[in-house]
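Protein chains: 2
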Amino acid sequence: MNTPVTLYDTTLRDGTQGEGINLSLGDKLRIAERLDQFGVDYIEGGWPGSNEKDIEFFRAAANKTWKHARIAAFGSTRRVGVLAKEDAQVQLLLDSLAPVVTIFGKTWLLHVSEVLKTTPEENLAMIRDTVQVLCGAGREVVYDAEHFFDGYKDNPEYAIKCLLAAQEGGAGHVILCDTNGGTLPNEVAKICADVREKIRVKFGIHTHNDGGLAVANAIAAVEKGAEQVQGTINGYGERTGNCNLVTMIPNLQLKMGRPVVSQESLSGLRDLSLFLDEVANQRHDTRAPFVGESSFAHKGGMHVNAVNKLAKTFEHIDPATVGNHRRILVGELSGRTNVFMKAREMGIALDEKDPDTREILQRIKSMEAKGYEFEAADASFALLIRRIREKTEPAFYLQEYHVSMRNSPVRQYQEAEATVKILVGGEPFYTVAGGDGPVNALDNAMRKALATAYPQIQNIRLTDYKVRILDSNRGTEAKTRVLITSADGAKEWSTVGVSDNLVEASWLALADSIEYYLLDQKVSGN
Amino acid sequence: MNTPVTLYDTTLRDGTQGEGINLSLGDKLRIAERLDQFGVDYIEGGWPGSNEKDIEFFRAAANKTWKHARIAAFGSTRRVGVLAKEDAQVQLLLDSLAPVVTIFGKTWLLHVSEVLKTTPEENLAMIRDTVQVLCGAGREVVYDAEHFFDGYKDNPEYAIKCLLAAQEGGAGHVILCDTNGGTLPNEVAKICADVREKIRVKFGIHTHNDGGLAVANAIAAVEKGAEQVQGTINGYGERTGNCNLVTMIPNLQLKMGRPVVSQESLSGLRDLSLFLDEVANQRHDTRAPFVGESSFAHKGGMHVNAVNKLAKTFEHIDPATVGNHRRILVGELSGRTNVFMKAREMGIALDEKDPDTREILQRIKSMEAKGYEFEAADASFALLIRRIREKTEPAFYLQEYHVSMRNSPVRQYQEAEATVKILVGGEPFYTVAGGDGPVNALDNAMRKALATAYPQIQNIRLTDYKVRILDSNRGTEAKTRVLITSADGAKEWSTVGVSDNLVEASWLALADSIEYYLLDQKVSGN
C-alpha cells in the first residue's frame, strides 16, 4: 500500500522570490487562510530572520485557529562556530511560535567550502545541533537539504551524511532539494531509491523548474518513496519557479492514486489558482495544465467534431474535476461546428440553414481580422449574434464624445474630463463628467447620460479592465485591444473593443458591456 | 552509442491550434526560414487538406532552397472504404510536392468504433494503404499514431498492429502520440520499451502538456530509444500546448549528451523563442525554462551573494549557452548587494559608504511601493541613480500638457490632439500635434517641442509600448504601469511610468526615455 503524501506549500516564502511577486502582510494572511481551507498540510509563512513583515506574519498566525494546516517558519542552520541555542536567527525561529520549523543547510561540498567557508565536519554539526535545539523546544522540524542532487552527484557519501545528521538531530522529514533545478527525472529516481535505503526518517522532495521538469521530478521522487511534496501555487518562485502544486496535486490524486486533498477541494483548484494570480497580481497562464483558461479549449474543427461526439476522445480528464470547463474556440481555423457549439454553450440555438448564420460567420471572421478576439469576450460574441438574428434596436446611439486631460506640474493640478452626446429613444442626452483619467471620465459621463433612461445601469460594476497592445512594435501608434469584465452582483460578463486609439477601444468595450446588460435584462424581463 | 535524435517542428501546424495563435502565410514562411537556419530537421508546414493558406505555403516552399530542413505536409489516412490513390485528401498531400508526408491515423479502438465508425481491420488497411501509396510516389513518410498511449493501455496488441501496418507500408518513422497529454513519464518509458522490441522501423515521440509533463515524457521516450522528437517552439499548441522544443533541445543537448543542433544555434535559442513570440504576437513567458527573461534572475539577497561569489552555486547551466543572461533583481527582498550588482551590470560603480547610496535605496523602495518595477526598465533605473548622484540638471522641464480626443460617429470624424508647454534652458516651447490617439499625439507634440534644442531626438524610435493594469479589479480607475522600449538604431533602452491615469503613466515613461537618451549622448560626447 502506498504511504500518504503530505503537501507543503511555500508560496509565501519561496514563491515570493519570483520576479514581480510582492505580497503584503494582508495578502499573505489571506493566502494562508485560503490554503488552509483548501487542505494543504503545511504552510511555510516566511523567514522571520529576513524581514520584519515575516515576523509580523507569524505573530498574526499564532493568534489564528487553523482548520487543517500546520504553519512553518523557515530559516537556516546555525552560523559557523556558534552554539545553536545562542544563534540569533535560530532564536527568531523559536520566537515565531510556529509549530513547525524548516531549516535549510548545505549538502554540497562546493557550497560548504566556497560559500560557508568551513569544514565538512562543522557543517554536519551545524545541521545536527540546530535540528536538535529546535526539536528540544518542542517543534516539528523539517530539514531542507539544499542542492541535494548536485551534492549527491559530487559526493554521495557526504550528501547522505548530511541527511543522517538531520535524522540524528530528530528531524521529522528531510527534504531533497533540487535547488538549481537542473536534474533529470531518471537521476531523481535513482538517487531517491538510494536515499530510501540509507535513511530511516521520512523524506520529501523540493524541486525547481529550470529544466521544465519540476513536476516530473517530484513525481519521480514520490514513485520512489517521497512522502512530502514541497511547491508553490502556480509555480511561483525564483528564476523559472518552483514545483507547481496546482499541476502536481491532480497528477498525484487523479493519475497516481495518491489522494492529497478532498474531492471537493480538488474541484476548487482552478479557483485557487486564479485567486493567487489575483492577489499576487500575476497574469493567468492560460495554458496552465488542468486549470488554464485554454486547457480544455478546442479549436481544430476536427477535434471539435470528435469532442462533440465523445468528450473522452480529446480530454484526458473531466475538466469539472479540477473546477475547469470545456471551451469551444471561435477563430480562423474553426469550422461552422465551433460557432454552433460556442453558441450552444451560451444558450443560443443556431440553425444551420438560416441565412443569418452565414452572415454571423462572416462578421466574426472580418472582426477577427481587425484584431478582435471573442475567446474571452462572451458578451460581445452573444451581442454580435443577437444583433444579426434579432435585428435588435440598440439601447442607445452615440452621437459624439470628447475627452480631455490636462496636467500642469507648474500650476500643480491634473484634470480629466469627458463629454458624451447620446440618443436614447430619439431623445438626446448630453453630459459631462470627470475622472482619474480620460477613460474613467468617459465611463462616468456615459453612465450619467444613460442613467435617466436606464436607472438599472447603476448596478453595473467594472470588475476587470485589461489593455493589450497588439502590434506593440508600432509604439504609441499601436493597435489596442481592451477587454472589460462587468458584474451586477449576480453575474459577470466580458466585452471587447479594438482600435488604434485606446480611448476608442475602451469606449467600444464599455458600450458593448452596457448594451449587453440592458438586452439581457429585457429578455429576462426584470 | 546513442543513436541520433532528429527534431521535427510542428509549430506551423499543431502550434496554430493554440488559442490566440494565428499566422499569416508570410508569417509561416518567415518562421520556416528561421527554423531552417536554426537547424531543425523537419518542418511541418501545414495541412493542405484543411485550408487554402496551407496549400499556398507548400507552393511557396517548393520554390525555395532549404539549407538543412525537410518540409513535411500533414494529413490523414485515406477515408473509410475508398482507395488511397483515389482519396482527394491524399492527392492534395502529393500535390503539395513536400518531400516528407506525415499522416495520422487511429490506434485506439474507441476512436475506430466511435469516431471513424469502422472495423479494426479496415483501420489497419487505411494505415497500410495510405503509407504505401505515398511511399510509392517517392515521399518519405512519417506515421503519427494518434492516441497511441491511450490506445496501448486499452489494447496493446491492436496499438502495436497499427504501428506494424505503417511499417509494412514503408514508413520511415512511426510516432507515438500522447494526443490527450495525460500520460505519466513512467508509463511512457514502459510502453516505449515494449514498442522498441516489437517493431523494426524507427519510432519518435509526440507529446502534449495536459499534465505538465510533455517534455518529461519526450525525455523518457528518448531514453527508451525514440529517434525523433516532435514539438513546437515555445510549446504552442491546442489546450495546454505541445512538447516545447525550446525546453527539450537544451535538455537533450546539454544534459543528455544527445546533440541535435550546432552549439552556435543553441546560443541563439533565446532569440528564436522571442522571435516566435513576436511573430505569433504572444506574450513572452518570463519564466520559460532556459530562455525566459527571469530564468537566470536572482532576487533573494542570499542567493545574490552566493552567485556573486560563484555562479555555479545557483545556476544549472551557463546562461550564455542558450543565449540568455544573468539578471539581478532590485526589489523588496533585495539587499544592498542586489542594487550594487544591478548597478555594476549597467556599468555604474556605487560606493557603499556614499550617503547617496542610502538615498538611492530608499527612493527605489518608495517608487516600488507606488507600483514601479525596474526589473524591465533599466534606463529608468540608471536615470534614478544618476539624478541622485550626479545632481544632473534635467534636459527639460514640463510646465503643462493637455490632450484631447473627439469621436463623432454622426459627423464621421475622429481626432486626437495634444499640446505641450516645456522649458529648455529657460526658454519655453509650446507645441501642438495630432495623432492616432491621445498618447500618440502627446508623443508627437513632445518631440516637436524638443526638436529645436535637441535635433538628435529624431533618431529615437519607440519599438515597444506595453500597458499593464495593476489593480485591474478597480475597472477604469485602476493604476496603470506603462513600459516603453526605445531605440536609436545602435542601442535599445526601456523606461517605466506609473499613474492611475494612463496618459500620465505614458508621459512619465516617454519623458524618461528622452531624458535618458540625451544624458547618455552627453556622456558619450556625441
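If you read the protein sequences in the order shown, they are chains A and B. Read in this note's numbering, the first sequence has 360 at position 360, and its numbers run on one by one without any break. Positions in the second sequence are counted from 1; adding 1000 to them yields this note's numbering. Beta carbons are placed, not taken as given, at the ideal position from N, Cα and C, and that holds for glycine.
Check whether chain A comes within 8 Å of residue i, counting only Cβ atoms and requiring the distance to be less than that.
i         : result
B/His1325 : no
B/Val1498 : no
B/Arg1387 : no
B/Tyr1465 : yes
B/Asp1210 : yes
B/Phe1296 : yes
B/Arg1270 : no
B/Asp1512 : no
B/Ser1267 : no
B/Tyr1516 : no
Mapping DSSP to helix, strand and coil, what is residue i?
i         : result
A/Ala379  : helix
B/Asp1009 : strand
A/Met248  : helix
B/Lys1466 : strand
A/Gly582  : Since the first and last residues shown for chain A are 1 and 526, residue 582 of chain A lies out of range.
B/Asp1041 : coil
A/Gln132  : helix
B/Arg1387 : helix
A/Glu332  : Because the pLDDT of A/Glu332 is 49, which lies under 50, any placement of that residue in the model is unreliable, and the number read from its coordinates should be weighed accordingly. Three-state result, A/Glu332: coil.
A/Gly428  : According to the sequence shown, residue 428 of chain A is Pro rather than Gly. The answer is strand: DSSP assigns A/Pro428 an E or B state.
A/Asp178  : strand
Only counting the same chain, and skipping five residues up and downstream in sequence, which positions put a Cβ closer than 6 Å to that of residue i?
i         : result
A/Thr6    : Asp41, Gln228
B/Lys1202 : His1173, Glu1227
A/Gly543  : There is simply no residue 543 of chain A to check, as chain A begins at 1 and stops at 526 in what is shown.
B/Gly1525 : At B/Gly1525, the pLDDT of 42 sits below 50, so the modelled position is not reliable; the number obtained from the coordinates is stated separately. Counting only Cβ-Cβ distances below 6 Å, and skipping sequence neighbours, we find nothing.
A/Glu530  : As shown, chain A starts at 1 and ends at 526. That puts residue 530 of chain A outside it, with no answer to give.
A/Leu508  : Gly497
Give me the Cα-Cα distance between residue i and residue j, rounded to the nearest whole angstrom.
i         : j         : result
B/Val1174 : A/Gly292  : 31 Å
A/Pro409  : B/Tyr1397 : 9 Å
B/Pro1120 : A/Arg344  : 34 Å
A/Thr321  : A/Ile191  : 34 Å
B/Val1498 : B/Thr1232 : 36 Å
B/Ala1453 : A/Leu35   : 58 Å
B/Gln947  : B/Ala1061 : Chain B is shown only over 1001 to 1526; residue 947 of chain B falls outside these bounds and no answer can be derived.
B/Gln1089 : B/Glu1114 : 22 Å
A/Glu315  : A/Phe296  : 7 Å
A/Arg327  : B/Thr1286 : 26 Å
B/Lys1342 : B/Asn1324 : 16 Å
A/Val432  : A/Asn440  : 12 Å
B/Lys1161 : B/Asn1180 : 21 Å
A/Ala214  : A/Gly241  : 9 Å
Could you confirm whether any beta carbon from chain B is found closer than 8 Å to the beta carbon of residue i?
i        : result
A/Ala145 : no
A/Arg363 : no
A/Ala216 : yes
A/Glu373 : yes
A/Ser408 : yes
A/His316 : yes
A/Val503 : yes
A/His284 : no
Determine, using beta carbons only, whether residue i and residue j come nearer to each other than 8 Å.
i         : j         : result
A/Asp500  : A/Thr480  : yes
A/Pro438  : A/Val403  : yes
B/Ala1218 : B/Cys1243 : yes
A/Met446  : B/Val1503 : no
A/Ile71   : A/Gly45   : yes
A/Ile469  : B/Val1279 : no
A/Asn209  : A/Gly235  : yes
A/Ala69   : A/Pro48   : no
A/Val101  : A/Leu93   : yes
A/Gly169  : A/Cys135  : yes
A/Pro259  : A/Ala216  : no
Tell me which residues share the same chain as residue i and place their Cβ nearer than 8 Å to its Cβ, disregarding the 5 neighbours each side in the sequence.
i         : result
B/Leu1383 : Thr1495, Asp1512, Glu1515, Tyr1516, Leu1519
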